[in-house]
Amino acid sequence: MPDTRYQIDVSVTTRYLPEQSQPEQNRFAFAYSIDIANLGDVAAKLLSRHWLITDGDGRVQEVRGAGVVGQQPLIAPGACHSYSSGTVMATRVGTMQGSYQMLAEDGTHFEATIAPFRLAVPGSLH
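Residue numbering for the sequence shown follows our numbering, beginning at 1155 and increasing consecutively.
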(Lines of atoms letter the chains of each structure in order from A and count residues from 1; the text may use other names and numbers.)
(Lines give C-alpha, C1' and ligand atoms only; values in the text may rest on other atoms or scores of the structure.)
Protein backbone atom coordinates (compact mmCIF):
# COMPACT_ATOMS: atom_id res chain seq x y z
CA MET A 1 0.00 0.00 0.00
CA PRO A 2 1.48 3.38 -0.99
CA ASP A 3 2.48 5.82 1.73
CA THR A 4 -0.20 8.54 1.71
CA ARG A 5 2.21 11.08 3.20
CA TYR A 6 3.93 11.28 -0.18
CA GLN A 7 1.22 11.46 -2.82
CA ILE A 8 1.67 13.58 -5.93
CA ASP A 9 -0.92 13.69 -8.74
CA VAL A 10 0.27 14.82 -12.16
CA SER A 11 -2.21 15.86 -14.86
CA VAL A 12 -1.27 16.93 -18.39
CA THR A 13 -2.93 18.90 -21.20
CA THR A 14 -1.28 18.91 -24.63
CA ARG A 15 -1.54 21.15 -27.68
CA TYR A 16 -0.12 20.98 -31.21
CA LEU A 17 1.72 24.15 -32.28
CA PRO A 18 1.22 24.51 -36.06
CA GLU A 19 2.93 27.93 -36.09
CA GLN A 20 6.16 26.36 -34.77
CA SER A 21 5.95 23.18 -36.85
CA GLN A 22 7.35 22.41 -40.29
CA PRO A 23 5.62 19.20 -41.43
CA GLU A 24 7.51 19.17 -44.73
CA GLN A 25 10.73 18.90 -42.70
CA ASN A 26 9.29 16.34 -40.23
CA ARG A 27 9.25 18.91 -37.43
CA PHE A 28 6.17 18.79 -35.20
CA ALA A 29 6.04 21.10 -32.17
CA PHE A 30 3.87 20.45 -29.14
CA ALA A 31 3.16 22.32 -25.92
CA TYR A 32 2.12 20.65 -22.70
CA SER A 33 0.74 22.13 -19.50
CA ILE A 34 1.26 20.21 -16.29
CA ASP A 35 -0.47 20.46 -12.93
CA ILE A 36 1.40 18.86 -10.03
CA ALA A 37 -0.91 18.47 -7.02
CA ASN A 38 0.37 17.45 -3.61
CA LEU A 39 -2.32 15.13 -2.23
CA GLY A 40 -0.04 13.99 0.58
CA ASP A 41 0.45 15.19 4.13
CA VAL A 42 3.99 16.57 3.76
CA ALA A 43 5.31 19.49 1.70
CA ALA A 44 7.58 18.27 -1.11
CA LYS A 45 10.18 19.97 -3.30
CA LEU A 46 10.50 18.95 -6.95
CA LEU A 47 14.24 18.37 -7.39
CA SER A 48 14.50 16.98 -10.91
CA ARG A 49 12.66 15.47 -13.86
CA HIS A 50 13.13 12.43 -16.08
CA TRP A 51 11.27 12.16 -19.40
CA LEU A 52 11.05 9.47 -22.04
CA ILE A 53 9.78 10.96 -25.30
CA THR A 54 8.89 8.34 -27.91
CA ASP A 55 8.04 9.37 -31.46
CA GLY A 56 5.76 7.49 -33.86
CA ASP A 57 8.72 5.56 -35.29
CA GLY A 58 9.70 4.23 -31.87
CA ARG A 59 12.73 6.50 -31.40
CA VAL A 60 13.17 7.35 -27.71
CA GLN A 61 14.69 10.57 -26.43
CA GLU A 62 15.63 10.65 -22.76
CA VAL A 63 15.65 13.98 -20.93
CA ARG A 64 16.90 14.56 -17.39
CA GLY A 65 17.32 17.86 -15.65
CA ALA A 66 17.00 19.88 -12.47
CA GLY A 67 13.54 21.14 -11.61
CA VAL A 68 10.99 22.23 -14.19
CA VAL A 69 11.37 25.33 -16.40
CA GLY A 70 14.17 26.61 -14.15
CA GLN A 71 12.28 26.12 -10.89
CA GLN A 72 12.40 23.65 -8.02
CA PRO A 73 9.02 24.40 -6.46
CA LEU A 74 8.12 23.46 -2.90
CA ILE A 75 4.53 22.20 -3.05
CA ALA A 76 2.60 22.34 0.20
CA PRO A 77 0.01 19.69 1.10
CA GLY A 78 -3.19 20.49 -0.81
CA ALA A 79 -1.36 22.90 -3.15
CA CYS A 80 -0.71 22.65 -6.88
CA HIS A 81 2.19 23.82 -9.05
CA SER A 82 1.49 24.42 -12.74
CA TYR A 83 3.87 25.04 -15.62
CA SER A 84 4.02 24.81 -19.40
CA SER A 85 6.78 23.55 -21.65
CA GLY A 86 7.15 21.93 -25.04
CA THR A 87 8.92 19.46 -27.25
CA VAL A 88 9.59 18.88 -30.94
CA MET A 89 9.25 15.48 -32.62
CA ALA A 90 9.97 14.12 -36.09
CA THR A 91 6.58 12.40 -36.34
CA ARG A 92 2.93 13.49 -36.16
CA VAL A 93 2.20 11.30 -33.13
CA GLY A 94 4.21 10.32 -30.08
CA THR A 95 4.09 9.82 -26.33
CA MET A 96 5.79 11.20 -23.25
CA GLN A 97 6.10 9.70 -19.80
CA GLY A 98 8.44 9.99 -16.88
CA SER A 99 8.82 10.99 -13.28
CA TYR A 100 9.67 13.80 -10.92
CA GLN A 101 12.22 13.20 -8.19
CA MET A 102 10.84 14.74 -5.01
CA LEU A 103 12.21 15.58 -1.56
CA ALA A 104 9.67 15.74 1.26
CA GLU A 105 10.14 18.25 4.08
CA ASP A 106 10.83 15.34 6.43
CA GLY A 107 13.89 14.37 4.34
CA THR A 108 12.28 11.47 2.46
CA HIS A 109 13.15 11.14 -1.24
CA PHE A 110 10.39 9.74 -3.46
CA GLU A 111 9.29 9.66 -7.09
CA ALA A 112 6.12 11.06 -8.62
CA THR A 113 5.16 9.11 -11.72
CA ILE A 114 4.04 10.90 -14.88
CA ALA A 115 1.72 8.49 -16.70
CA PRO A 116 2.15 8.20 -20.49
CA PHE A 117 0.34 10.84 -22.49
CA ARG A 118 -0.08 11.29 -26.23
CA LEU A 119 1.14 14.11 -28.45
CA ALA A 120 -0.70 14.15 -31.77
CA VAL A 121 -1.32 16.48 -34.67
CA PRO A 122 -5.11 16.93 -34.90
CA GLY A 123 -6.61 14.51 -37.41
CA SER A 124 -3.62 12.16 -37.40
CA LEU A 125 -5.34 9.54 -35.23
CA HIS A 126 -8.30 7.55 -36.50
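A virtual CB, placed ideally from N, CA and C, is assigned to each residue, including glycine.
In the structure shown, the three-state DSSP call for residue 1276 is coil.
By the Cβ neighbour-count rule, residue 1198 is buried, with 16 or more other Cβ atoms within 10 Å of its own.
In this structure residue 1270 is not in contact with residue 1170, their Cβ atoms being roughly 18 Å apart against a cut-off of 8 Å.
Residue pairing from DSSP places residue 1218 in a beta bridge opposite 1204.
A check of alpha carbon separations from residue 1201 across 1251, 1267 and 1227 identifies 1227 as the nearest. Spatial neighbours of residue 1256 in its own chain (CB-CB distance under 8 Å, excluding positions within 5 residues in sequence) are listed in chain order as 1160, 1162, 1198, 1199, 1200, 1201, 1263, 1264, 1265 and 1266. In terms of CA proximity to residue 1185, 1238 leads the group 1194, 1205, 1238 and 1218. The residue from 1254, 1179 and 1183 with its alpha-carbon nearest to that of residue 1240 is 1183.
Within its own chain, the residues whose Cβ lies closer than 6 Å to the Cβ of residue 1215, once the five positions on either side in sequence are excluded, are 1207, listed in chain order.
Taking C-alpha positions only, residue 1190 is separated from residue 1196 by approximately 14 Å.
Looking at the backbone, the Cα of residue 1233 and that of residue 1224 are separated by about 19 Å.
Under the 10 Å beta carbon count, residue 1209 is surrounded by 16 or more other beta carbons and is classified as buried.
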